[in-house]
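Residue numbers (mature numbering (1 follows the signal peptide of the UniProt record, and there is no 0)): -19 to -1, 1 to 292.
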């Protein structure tokens, strides 16, 4: 199915806004397949105005219940997402899977923990959240103010190293850790029966990816390659942006990482410095959201990471 055909096949299910506090009573859903839905987050940083919903929150309906991918940024956002799930199915949520250790993946775990739901993450993500969870919570509280109500640090109770399978009656859901990437413990969810992958933050499109201090860009490329070598998806739900195809995500994730690393390596080989890295011409990617905010920062961080290999 081509990109245009895929978008035409998606059904948007509207949400409803609770005017009393500005938190949506339900999040708007995109129907991706008969069993998979996603609440597509803003292609921008998490803000008070977007309720911290700047990543994709997805769920899968199975014979044995619902599996959620991403806990959400905060308690109230997770509650809104749960209301959206209930508008589609009366099946109970059985598992929540965290894509990595970032706040907008894990802080909403507090809501799901209160519902008695089991929470799964890769072991490196769990270790990071155990160590930095309170810091992430405090940062979210400053940003979200009253919308942070009810949120607390809820560490996942099920961990794994490389793979974890959920046998859900009529469908098997595979969780894969392909190696380091955007953030600690980045994982992908593979639904073989649907040929659908939720890449988490291993895959971006529609917005420029962010390189953080703990992002390993070379390892990210390797992890992305392992994912595409082992899986053959027809539908991709990326960490950010609408459902798409693997070709699109490959171009705007792997393609950008390779481009930026090669540009920085060329500077280093010519004896150039950090200033030249900041001035790399990245206009090829300027059509992506958050380009102005992130392009220069990304180049600087890649330079600082790679310079250790040269000096």
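Backbone N, C-alpha and C define an ideal beta-carbon position, used for all residues, glycine too.
The count of Cβ pairs closer than 8 angstroms, one atom from the region 191 to 209 and one from the region 142 to 154, stays below three, leaving the stretches out of contact. The Cβ atoms of residue 100 and residue 135 sit closer than 9 angstroms to each other. Each residue's CA atom was taken as its position, placing residue 55 and residue 124 some 11 angstroms apart.
Per DSSP, the unbroken beta strand (DSSP E) holding residue 76 starts and ends at 74 to 78.
The Cβ atoms of residue 37 and residue 222 sit closer than 9 angstroms to each other. An exposed status is given to residue 96, since fewer than 16 other beta-carbon atoms sit within 10 Å of its beta-carbon. Taking a C-beta distance under 9 angstroms as the contact criterion, residue 191 and residue 79 do not qualify as a contact pair. In the pairwise beta carbon analysis, the region 211 to 220 is classified as touching the region 170 to 181: at least three pairs are separated by under 8 angstroms. Here the region 42 to 50 makes contact with the region 65 to 84; the two share three or more CB pairs at distances below 8 angstroms.
DSSP places residue 12 inside the beta strand (DSSP E), whose first and last residues are 10 to 12. For residue 244, there is no enclosing beta strand (DSSP E); the residue is found in the alpha helix (DSSP H) stretching over 237 to 250. Each of 142, 175, 173 was checked against the Cα of residue 166, and the nearest Cα belongs to 142. Taking 9 angstroms as the cut-off, the Cβ atoms of residue 21 and residue 6 do not count as close. DSSP, reduced to helix, strand and coil, places residue 82 outside both helices and strands of the structure shown, so it counts as coil.
The beta carbons of residue 211 and residue 157 sit closer together than 9 angstroms.
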